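Protein chains: 2
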Amino acid sequence: MTYQELFQQISTKRSYLCVGLDTDIQKIPAHLLKTDDPIFEFNKQIIDSTADYCVSYKPNIAFYEALGPKGWESLQKTVEYIPKSHFTIADAKRGDIGNTSGLYARAFFDKSSSGLDFDSITVAPYMGSDSVTPFLAFEGKWVILLALTSNPGSSDFQRLNVEGNTLFENVLRTSQEWAGAERMMYVVGATHPSDFQKIRAIVPDHFLLVPGVGAQGGNLEEVSKFGMNKSCGLLVNASRSIIYASNGTDFAEKAKQEAQALQQEMAIYLDKYL
Amino acid sequence: MTYQELFQQISTKRSYLCVGLDTDIQKIPAHLLKTDDPIFEFNKQIIDSTADYCVSYKPNIAFYEALGPKGWESLQKTVEYIPKSHFTIADAKRGDIGNTSGLYARAFFDKSSSGLDFDSITVAPYMGSDSVTPFLAFEGKWVILLALTSNPGSSDFQRLNVEGNTLFENVLRTSQEWAGAERMMYVVGATHPSDFQKIRAIVPDHFLLVPGVGAQGGNLEEVSKFGMNKSCGLLVNASRSIIYASNGTDFAEKAKQEAQALQQEMAIYLDKYL
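Going line by line, the protein sequences match chains W and F. Under the working numbering, read the first sequence as residues 1 to 274, first letter to last. Under the working numbering, read the second sequence as residues 1001 to 1274, first letter to last.
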C-alpha cells in the first residue's frame, strides 16, 4: 500500500485507527477454546466487527510465536483474512546484521517462503543501517522504525543526550538517509505527547505509528493535536482496550463498540487538526 | 546451565566455540533436499560432527522463521537434538514492551507453550529495562544483550558519544542493574578487538558472545588476548565458515575439520591467556 492509498483510506473512513491483534490464548473467551484454531477464530471475529472503523491491523508477533508452529499457522490465516484495504503491520521489532535481516524480510514479506505477506514490519534501530535496509529491498514494503517507545524503559537509552540531542532524535535524523516518508514510518509512543512537536520538526511528512492509547494510558486528543500532519500522518494503535473489551460471548460486539468510539473521536480530530 | 557449568565445559573441552546454525534452505547441499526435513537433517549432521569441538550452538532464528511453520518445526527438532552438555542460544534479537517481552520469553523458554527450551536468548537494548527483565523471570535462563555488534551499521548509533562515553558503554553500565554475570552476557563483535580492553574494564566477569570470526573477518587471537577473563568469559561464534565449509556430500566432514581447527587454536589461547 502506498502513502497516498493509506491517506485515501483514512480520509474515506474518517479513521486513523490501527487495531492491535495481541491475541493471547490465556485471555480469549473460554467458549472459543473448543474451536479448531481459537486464535484465528478470535481474530476473525475481531476483524469482522472492527474493519469498518480502522485502517490497519497490527498482529503482535510475540503472541503467535509463543505458541510455536501452531501460532505461526494462526498468524498466516489471520494475515490472509485481513481485507486488502487495510494496512498490515508485523509488530516484530526485528533487526540483525544485513544477511540475517534479509531472512527476517523473507519471513514477513515473502509469501512463497514463509506464507506471510505483510505490508510493513517494525524494526529496532540499535544495529544501524545494514540491519534496516534489507527490509527496504522488498518493493512496496515499509519499515516502521522504533524511535520513542511507549514503555517505562524507553527513557533508559532513547532519551540519553547524544551530542546535544536525544538518541531518538538522532535515530530520526540518521534513518532519513535510508528511506523517505514513502517507505518508512516511526514508532512514537502516545505516552509522550509533549515530544510530538519536537519529532514533527524532524520528520514533518512521515507517518507515525502511535501505540500506548488505551491500556497504556496515552491521550488521543493530545497525540492528534501535536502529531497530525497534512496527510494525517498518524496510525494510532489500540490493542487490549479493544480486543479484550469483554471476555464473554459478546467480545466481538464490545470490540466493535470500542473501535467505533475511537473512530468517532478520530473523525472530530480530523476535522479539527488536519 | 550455570556460569560454573559453562566454564567447566570449556575447561574440559579446551574450547569456547559456539557453532552458529544459520541454516539456509537455499545454501544446504542439494542431496539433502530430498529428505523429509532438510533443515533438521543438515543440523543433525552438523551437530553430530562438531559436538566434540564446541560448547554451544546458536540457531539464528531468522533462518527458521523465513520458512514459516515448517521452519519452526525444524527448529524445535534441532533444539531437542542438541546435547544437554551444550549451551543453547536463541539468536533472536528480540525486545519489546514488558507485556510482549514476556510472550517472547514464553516462545523461547517455555517448552509447554512453544515447544522450545533454549538456555538463552539475544535481546536488543533500545527499549530499556522492562523490555529485558521479563526474560530474566524464567529461572536459570540467560539474556545475551547486544552491546557492540559486528556489522558495519554498528557505528551508526552504538558508538555515538553519550555524555562522555559511547552508547554501547552506557548499555553495559546500565544493564548491570538488571542482572549480574550469572544471568547476563553481552554480544561484542570480533570485528572490534581493540574495544575489548575498554569493555572488560566495565564488565570484567561477564561472558561475551563474540560473533564475526570467520566470514565476517574477525581475528580469533586478538579477541582471545583482549577478551578473556579468569573464567574464559568468551563464547566465540562461527557460522558460515563451519556449516558451509563444503556444499557437497562431505559437508559434515568439512564442518568437523573447521570446528576442530578452531578448537585447537582455542586450546592454545586458553593456555596462553587464561
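From the three backbone atoms N, C-alpha and C, an ideal C-beta is built for every residue, glycine too. Bear in mind that the values here come from a model prediction, so they are computed numbers and not experimental data.
Rounded to whole angstroms, what's the CA-CA distance from residue i to residue j? Just pull it up for me.
| i | j | result |
| --- | --- | --- |
| F:HIS1206 | F:GLU1258 | 27 Å |
| W:LEU75 | F:ILE1268 | 49 Å |
| W:TRP142 | F:ALA1261 | 43 Å |
| W:ALA190 | W:SER224 | 10 Å |
| W:TYR64 | F:ALA1105 | 12 Å |
| W:VAL162 | F:LEU1160 | 7 Å |
| F:THR1174 | W:GLY153 | 11 Å |
| W:PHE168 | F:PHE1251 | 45 Å |
| W:ILE46 | W:ILE28 | 11 Å |
| F:VAL1132 | F:PRO1125 | 7 Å |
| W:THR12 | W:GLY233 | 15 Å |
| W:ALA66 | F:LYS1272 | 44 Å |
| W:GLU5 | W:ILE202 | 24 Å |
| F:SER1194 | F:ALA1147 | 15 Å |
| F:GLY1180 | W:PHE109 | 38 Å |
| W:GLN158 | W:THR166 | 7 Å |
| F:ASP1022 | F:VAL1171 | 27 Å |
| W:SER49 | W:ALA255 | 7 Å |
| W:THR249 | F:SER1112 | 27 Å |
| F:LEU1220 | F:GLY1128 | 31 Å |
| F:PRO1038 | W:ASP36 | 29 Å |
| W:SER241 | W:ALA215 | 6 Å |
| F:MET1266 | F:ALA1245 | 19 Å |
| F:PHE1042 | F:ILE1025 | 10 Å |
| F:ILE1144 | F:PRO1069 | 26 Å |
| W:ASN151 | W:GLY217 | 11 Å |
| F:PRO1059 | F:ASP1091 | 6 Å |
| F:CYS1018 | W:TRP72 | 28 Å |
| W:MET228 | F:LYS1084 | 54 Å |
| W:PRO211 | W:THR149 | 8 Å |
| F:ASP1052 | W:ILE97 | 28 Å |
| F:THR1078 | F:TYR1057 | 10 Å |
| W:TYR81 | F:TYR1186 | 40 Å |
| W:LEU235 | W:THR2 | 14 Å |
| F:GLU1253 | F:HIS1031 | 15 Å |
| F:GLN1008 | F:SER1231 | 9 Å |
| W:TRP178 | W:THR122 | 15 Å |
| F:ILE1199 | F:ILE1089 | 22 Å |
| F:PHE1087 | W:ASN247 | 41 Å |
Report the partner residues of residue i according to the DSSP bridge assignment.
| i | result |
| --- | --- |
| W:VAL213 | W:GLY218 |
| W:GLY20 | W:LYS58 |
| F:LEU1148 | F:VAL1188 |
| W:VAL143 | W:ILE121, W:MET184 |
| W:ASN229 | W:CYS232 |
| W:LEU103 | According to DSSP, which records beta bridges pairwise, W:LEU103 is partnered with nothing at all. |
| W:LEU208 | W:TYR186, W:LEU234 |
At which residues does the beta strand (DSSP E) containing residue i begin and terminate?
| i | result |
| --- | --- |
| F:MET1184 | 1184-1188 |
| F:LYS1093 | 1087-1094 |
| F:ASN1237 | 1234-1238 |
Output the boundary residues of the alpha helix (DSSP H) element that contains residue i.
| i | result |
| --- | --- |
| W:ASN170 | 167-175 |
| W:ARG200 | 196-202 |
| F:PRO1069 | 1069-1081 |
| F:LEU1160 | No alpha helix (DSSP H) contains F:LEU1160, which DSSP labels as neither H nor E. |
| W:MET1 | From DSSP, W:MET1 is part of no alpha helix (DSSP H); its letter is neither H nor E. |
| F:GLN1263 | 1251-1273 |
| W:PRO285 | Any question about residue 285 of chain W goes unanswered here, given that chain W covers just 1 to 274. |
| W:PRO38 | 38-50 |
| W:SER114 | 111-114 |
Residues in the segment 1121-1132 of chain F having any Cβ partner in chain W nearer than 8 Å: Taking 8 Å as the Cβ-Cβ cut-off, the segment 1121-1132 of chain F approaches chain W at ALA1124, PRO1125, TYR1126, MET1127, GLY1128, SER1129, ASP1130, SER1131, VAL1132, given in chain order.
Residues of the segment 49-75 of chain W whose Cβ lies closer than 7 Å to any Cβ of chain F, in chain order: Residues passing the 7 Å Cβ filter: ASN60, ALA62, PHE63, GLU65, ALA66, LEU67, GLY68, PRO69, TRP72, GLU73.
Residues, ordered as in the chain, of the segment 149-160 of chain W that lie near chain A by beta-carbon distance below 8 Å: As a matter of chain content, chain A is missing from the structure shown, whose protein chains are W and F.
Chain W contacts from the segment 1229-1256 of chain F (Cβ-Cβ distance under 7 Å): Flagged: no residues at all.
Chain-ordered residues of the segment 1097-1108 of chain F with a beta carbon less than 9 Å from chain W: Within the segment 1097-1108 of chain F, contact with chain W at the beta-carbon level (separation under 9 Å) is assigned to ILE1097, GLY1098, ASN1099, THR1100, SER1101, GLY1102, LEU1103, TYR1104, ALA1105, ARG1106, ALA1107, PHE1108.
Contact list for the segment 167-194 of chain W against chain F, Cβ threshold 8 Å: Taking 8 Å as the Cβ-Cβ cut-off, the segment 167-194 of chain W approaches chain F at LEU167, ASN170, VAL171, THR174, given in chain order.
Interfacial residues, the segment 199-219 of chain W to chain F, with Cβ spacing under 7 Å: Residues: none.
Near-chain F residues of the segment 17-28 of chain W - C-beta to any C-beta below 9 Å: Of all residues in the segment 17-28 of chain W, ASP22, ASP24, ILE25 have a Cβ within less than 9 Å of some Cβ in chain F.
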